[in-house]
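**Q** In terms of our numbering, the first sequence opens at residue 28 and continues consecutively. For every residue, glycine included, the Cβ atom is placed at its ideal position computed from N, Cα and C.
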Amino acid sequence: MTTFRSDFLRTLSERGFVHQISDPEGLDTLFATETVTAYIGFDPTAPSLHAGGLIQIMMLHWLQATGHRPVSLMGGGTGMVGDPSFKEEARKLMTVETIEENIASIKQVFSSYLSYGDAPTGAMMINNAEWLRDLNYLEFLRDVGRHFSVNRMLSFDSVKTRLEREQSLSFLEFNYMILQAYDFVELSKRYGVRLQMGGSDQWGNIVNGIDLGHRMGTQQLYALTSPLLTTASGAKMGKSLSGAVWLNADMLSPYEFWQYWRNTEDADVERFLKLYTTLPMDEIARLADEAKGAAINEVKKILATEVTAMLHGRAAAEAAAETARKTFEEGGLSADLPTVEIPAAELEAGIGVLSVFAEKTGLVASNGEARRQIKSGGLKVNDATVTDDKAAVSARDLTPEGVVKLSFGKKKHVLLKPV
RNA sequence: GGGGGAGUGUCCCGAGCGGCAAAGGGGGCGGACUGUAAAUCCGCUGGCUACGCCUUCGUAGGUUCGAGUCCUACCUCCCCCA
Numbered sequence: 028m029t030t031f032r033s034d035f036l037r038t039l040s041e042r043g044f045v046h047q048i049s050d051p052e053g054l055d056t057l058f059a060t061e062t063v064t065a066y067i068g069f070d071p072t073a074p075s076l077h078a079g080g081l082i083q084i085m086m087l088h089w090l091q092a093t094g095h096r097p098v099s100l101m102g103g104g105t106g107m108v109g110d111p112s113f114k115e116e117a118r119k120l121m122t123v124e125t126i127e128e129n130i131a132s133i134k135q136v137f138s139s140y141l142s143y144g145d146a147p148t149g150a151m152m153i154n155n156a157e158w159l160r161d162l163n164y165l166e167f168l169r170d171v172g173r174h175f176s177v178n179r180m181l182s183f184d185s186v187k188t189r190l191e192r193e194q195s196l197s198f199l200e201f202n203y204m205i206l207q208a209y210d211f212v213e214l215s216k217r218y219g220v221r222l223q224m225g226g227s228d229q230w231g232n233i234v235n236g237i238d239l240g241h242r243m244g245t246q247q248l249y250a251l252t253s254p255l256l257t258t259a260s261g262a263k264m265g266k267s268l269s270g271a272v273w274l275n276a277d278m279l280s281p282y283e284f285w286q287y288w289r290n291t292e293d294a295d296v297e298r299f300l301k302l303y304t305t306l307p308m309d310e311i312a313r314l315a316d317e318a319k320g321a322a323i324n325e326v327k328k329i330l331a332t333e334v335t336a337m338l339h340g341r342a343a344a345e346a347a348a349e350t351a352r353k354t355f356e357e358g359g360l361s362a363d364l365p366t367v368e369i370p371a372a373e374l375e376a377g378i379g380v381l382s383v384f385a386e387k388t389g390l391v392a393s394n395g396e397a398r399r400q401i402k403s404g405g406l407k408v409n410d411a412t413v414t415d416d417k418a419a420v421s422a423r424d425l426t427p428e429g430v431v432k433l434s435f436g437k438k439k440h441v442l443l444k445p446v
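Below is the structure:
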């Protein structure tokens, strides 16, 4: 791998963020000589980004940390088109309201990683609805569409594989790449953006933008992609025991977020420290060095706490670490575990275990699932395995702390609290 | 416009002579082993007021004691010919 002169590229490169760069020397020179504005696009398909997108946010973070200007582009306009899924079933397009709500909700997270403002390196959040929604179709075709060769678009892997797999590709989706290319050009014209970053799957789209820029007379533009991240065993990033690893605290508590990182596979620890924390490289090297055998668990805790601290703040991260310590290392309970409140009278009367685990707390999906889990010994009340699906949980099960601890498997715990 | 295929358990792929809650994978979940890891092994993987009941095989009808399986129409997709 080349050694870069610029702080930004050197940092990204040594931390493992770089997959491809369109013109490494040129871009390096650019970063070494001026303050560069670069962007990454995010689709507002959900009210929160999840761990899979964290790597992109970290790239913006480093961009700013090394003296440049990050732009997060929200796809308020492209969201209208929707990135059609592979399945048929013309998924309902999102309404404008949903898109706007999602964007508002996603915004909160960025301020944990970037500082916004008018300073030369102040981060910006831009919505491509700004120029896409009022686009005039005919004008657009004449100004932008004429620069695209269908022959060439058909030759892109993203399109080709789709056609070869005999899966339909709607015109809508076909246009998505044009809009994204156009975004790059608009950002370049309006805000002086020079670089677009993204996951490696975005390479073709980004390069399209560069080409369009050439034809439409922008400055030289650049592309930088990050590797597609999977865990060492091949799973996609961003799935936890209970679903997606959302970044918004109201969708996934800091404790659960911490747990996700705590459970990192051994083989991923060093890589994740580089990608998802801002610990200095020599510090990471030291940690990786002492992380042999079971000692690696200590390093995983550091990883979890550092990642959580960046997102939710140091205090929340340490609270999560403490909760985990009490729960797992002392086998006790901590008031900070996820808690479900229940009317005291109801508990007094006694509630069936099935109902408690399924309806009341949602730890398992249904009564049937609860029954199956009991059969295989997966449910516990106050750390005692449930063996009878007709058993009931009542006020007698309250611990001295005044709660009932319910566990599903070894890692999922909920406290039942009478009110 | 003509001809030929396909749509299965809403995570995915994928079998299915008219008796099917539907084979088999993958994934996921639980258990054992460990270190809250990986690998490995075992079990589970429609719902319920549960020895019974209800809802599932593109949609809507029909034939049958009985249909994922047969017939009709429709929808969507793919391939070949024009």
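(1) Evaluate K417 with the Cβ neighbour count: other Cβ atoms within 10 Å of its Cβ, from every protein chain shown; 16 or more gives buried, anything less gives exposed.
(2) Buried or exposed: which applies to M86, given that a residue is buried once 16 or more other Cβ atoms fall within 10 Å of its Cβ?
(3) Please work out which residues of its chain come closer than 6 angstroms, Cβ to Cβ, to A208, disregarding the five sequence neighbours upstream and downstream, and give them in chain order.
(4) Cutting at 8 angstroms between CB atoms, please list the residues of its own chain near G429, excluding the five before and the five after it.
(5) Need the endpoints of the beta strand (DSSP E) that Y249 sits in, please.
(6) With a cut-off of 8 angstroms on the beta carbons, I'd call D70 and G102 a contact; round off their distance for me.
(7) Buried or exposed: which applies to A351, given that a residue is buried once 16 or more other Cβ atoms fall within 10 Å of its Cβ?
(8) Could you tell me the distance, in whole angstroms, from the CA atom of W89 to the CA atom of D34?
(9) Please list the terminal residues of the continuous alpha helix (DSSP H) segment that includes H339.
(10) Where S227 and P370 are concerned, what is the direct C-alpha to C-alpha distance, given to the nearest angstrom?
(11) Leaving out the 5 sequence neighbours to the left and right, which residues in its chain are closer than 8 angstroms to P365 when beta-carbon positions are compared?
(12) What alpha helix (DSSP H) runs, 4 residues minimum, are completely inside the region 159 to 238?
(13) Among Q400, A376, E386, K438, whose alpha-carbon lies nearest the alpha-carbon of A422?
(14) Which residue spans inside the region 350 to 397 form an unbroken beta strand (DSSP E) run of at least 3?
(15) Name, in chain order, the residues that DSSP records as bridge partners for K99.
(16) Taking 7 angstroms as the threshold (C-beta atoms), are F384 and L406 in contact?
(17) Are V220 and Y66 close, meaning C-beta to C-beta below 7 angstroms?
(18) Within 8 angstroms, do at least three Cβ pairs link the region 39 to 46 to the region 302 to 319?
(19) Pick from H339, A322, L199: whose alpha carbon is nearest that of W273?
(20) Nearest-angstrom Cα distance between L255 and F137?
(21) For K134, report the span of its alpha helix (DSSP H) as first-last.
(22) Does the beta-carbon of L181 have 16 or more other beta-carbons within 10 angstroms, so that it is buried, or is it exposed?
(23) Got a sec, what are the start and stop residues for the beta strand (DSSP E) P445 sits in?
(24) What's the C-alpha gap between F31 and Q47?
(25) According to DSSP, which residues form a beta bridge with Y143?
**A** Here's the rundown:
(1) The residue given as residue 417 occupies position 390 in the first sequence. With fewer than 16 Cβ atoms within 10 Å of its Cβ, K417 is classed as exposed.
(2) Translated into positions along the first sequence, residue 86 becomes position 59. Result: buried.
(3) Stepping through the first sequence from its first residue, residue 208 is reached at position 181. Counting only Cβ-Cβ distances below 6 angstroms, and skipping sequence neighbours, we find N235, G236, L239.
(4) Along the first sequence, read from residue 1 onward, the residue named residue 429 stands at position 402. Within the same chain, G429 has close Cβ partners K444, P445.
(5) Here residue 249 refers to the residue found at position 222 when the first sequence is read from its first residue. Counting along the chain, the beta strand (DSSP E) containing Y249 begins and ends at 249 to 253.
(6) Locating residue 70 in the first sequence gives position 43, where the first residue counts as 1. Locating residue 102 in the first sequence gives position 75, where the first residue counts as 1. About 5 angstroms; that satisfies the 8 angstroms criterion.
(7) Your numbering for residue 351 matches position 324 in the first sequence. Counting Cβ neighbours within 10 Å, A351 comes out buried, since at least 16 surround it.
(8) Translated into positions along the first sequence, residue 89 becomes position 62. Translated into positions along the first sequence, residue 34 becomes position 7. Their Cα atoms are separated by approximately 9 angstroms.
(9) Stepping through the first sequence from its first residue, residue 339 is reached at position 312. Run containing H339: 323 to 339, per the alpha helix (DSSP H) assignment.
(10) The residue labelled residue 227 in the question sits at position 200 within the first sequence. The residue labelled residue 370 in the question sits at position 343 within the first sequence. The alpha-carbon atoms of S227 and P370 are separated by roughly 51 angstroms.
(11) Your numbering for residue 365 matches position 338 in the first sequence. Hits under 8 angstroms: S280, Y282, E283, H440, V441, L442.
(12) Those alpha helix (DSSP H) runs which fall completely within the region 159 to 238 and span 4+ residues are 164 to 170, 177 to 182, 184 to 191, 198 to 218.
(13) Working through the first sequence from its first residue, we reach residue 422 at position 395. Per the Cα distances, A376.
(14) 366 to 369
(15) Position 72 of the first sequence, counting from 1, holds the residue named residue 99. Lys is not the amino acid found at residue 99; the sequence shown has Ser there. For S99, which the question treats as bridged, DSSP gives the partners I67, M152.
(16) Walking along the first sequence from the start, residue 406 turns up at place 379. Walking along the first sequence from the start, residue 384 turns up at place 357. Going by C-beta atoms, L406 is nearer than 7 angstroms to F384.
(17) Here the question's residue 220 lines up with position 193 in the first sequence. Here the question's residue 66 lines up with position 39 in the first sequence. Between V220 and Y66, the gap from beta carbon to beta carbon is short of 7 angstroms.
(18) With three or more CB-CB distances shorter than 8 angstroms, the region 302 to 319 counts as touching the region 39 to 46.
(19) Reading the first sequence from its first residue, position 246 is the one you call residue 273. The residue with the shortest Cα to Cα distance from W273 is H339.
(20) Looking up residue 255 in the first sequence gives position 228. Looking up residue 137 in the first sequence gives position 110. Answer to the nearest angstrom: the Cα atoms are 21 angstroms apart.
(21) Taking the first sequence and counting its residues from 1, the one referred to as residue 134 is at position 107. From DSSP, the alpha helix (DSSP H) with K134 extends over 123 to 137.
(22) On the first sequence, position 154 is the one that residue 181 refers to. By the neighbour-count rule (16 or more Cβ atoms within 10 Å), L181 is not buried but exposed.
(23) As a working mapping, residue 445 is identified with position 418 in the first sequence. For P445, the uninterrupted beta strand (DSSP E) segment begins and ends at 439 to 445.
(24) The count along the first sequence starts at 1 and reaches residue 31 at position 4. The count along the first sequence starts at 1 and reaches residue 47 at position 20. Cα-Cα distance, rounded: 14 angstroms.
(25) Sequence index remark: in the first sequence, residue 143 carries index 116 (1-based). Y143 is bridged to A150.
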